[in-house]
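Student: Numbered per this note's numbering, the sequence shown spans residues 8 to 197.
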Amino acid sequence: MALSANAKTTARLTTLAVGMLGFALFVMPPLYDAFCEITGLNGKTGGRYEAVPAAVDTERTVKVQFVASNNENMPWEFKPGMVEIRVHPGEAVDTVFHARNPTDREMIGQAIPSLVPFKAANYFHKTECFCFNQQSLAAGETAELGLRFIVDPDLPVGVNTITLSYTLFDVTERFAKQANNKNTDSEREG
8 MALSANAKTT ARLTTLAVGM LGFALFVMPP LYDAFCEITG LNGKTGGRYE AVPAAVDTER
68 TVKVQFVASN NENMPWEFKP GMVEIRVHPG EAVDTVFHAR NPTDREMIGQ AIPSLVPFKA
128 ANYFHKTECF CFNQQSLAAG ETAELGLRFI VDPDLPVGVN TITLSYTLFD VTERFAKQAN
188 NKNTDSEREG
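1) Out of 70, 94, 97 and 116, state which residue places its alpha-carbon closest to the alpha-carbon of residue 173.
2) Per DSSP, what are the beta-bridge partners of residue 153 in this structure?
3) Quick one: what's got a C-beta closer than 6 Å to residue 127's C-beta in the same chain, skipping five residues either side?
4) Have a look at residue 103 and residue 26 and give me their C-alpha separation to the nearest angstrom.
5) Have a look at residue 132 and residue 159 and give me their C-alpha separation to the nearest angstrom.
6) Taking the straight line between their C-alpha atoms, what separation do you get for residue 147 and residue 110?
7) Determine, for residue 174, whether the minimum Cβ-Cβ distance to residues of chain B falls below 9 Å.
8) Expressed to the nearest angstrom, what Euclidean distance is found between the alpha-carbon atoms of residue 73 and residue 121?
9) Tell me, to the nearest whole angstrom, how far the beta carbon of residue 85 is from that of residue 77; I am working on the premise that it is less than 8 Å.
10) Residue 200 and residue 71 look like a contact to me (Cβ under 8 Å); what is the Cβ gap, rounded to whole Å?
11) Rounded to the nearest angstrom, how far is the Cβ of residue 139 from that of residue 81, given a contact under 8 Å?
12) Using DSSP bridges, identify the partner residues of residue 177.
13) Within the continuous beta strand (DSSP E) that includes residue 136, where are the two ends?
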């Protein structure tokens, strides 16, 4: 009888663990993305922004700070060209980040942006950004990665500093797998 009770408990716990894993992998990511989009939390910045002519607020200055970091598996040197800049809301601003591939092989990187304070995410518009595309650098190659942005004139008055950070990830293997899958699909069709 004790073995039967232990077997039932083990089966229930296994079912619960599998259910929790499925929930964490398949249900939580879309919910988290929806939550972040609705609330503006996590500082996710939007995609490409189409600039429209707007009046520049020369009475106000906002400090924009830039931070660059690498994912633990990314060996590139990656840093902002400027650590901070003062801008007037409504003006288009250009800056660069610098990347260098010190390895002996070609690599592909992808930068993921984050912005704080979170409530500023809806008021920080990137019109051009290296983060929109993957960056390929040959062994030893360096690159200037461009960024053009506009701080919206409707930025809440209490926000005087915005910090934009990018984390650089190595996506070389993922890119190679995608290319191999496309080649395999083409061979099947042909």
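Beta carbons are placed, not taken as given, at the ideal position from N, Cα and C, and that holds for glycine.
Tutor: Short version:
1) 116
2) 103
3) 166 and 169
4) 45 Å
5) 7 Å
6) 6 Å
7) Of the protein chains in this structure there is only one, and it is not chain B.
8) 10 Å
9) 6 Å
10) Outside the modelled stretch of the chain, which goes from 8 to 197, sits residue 200, for which no answer is possible.
11) Incorrect: roughly 18 Å between the Cβ atoms, too far for contact.
12) 116
13) 131-136
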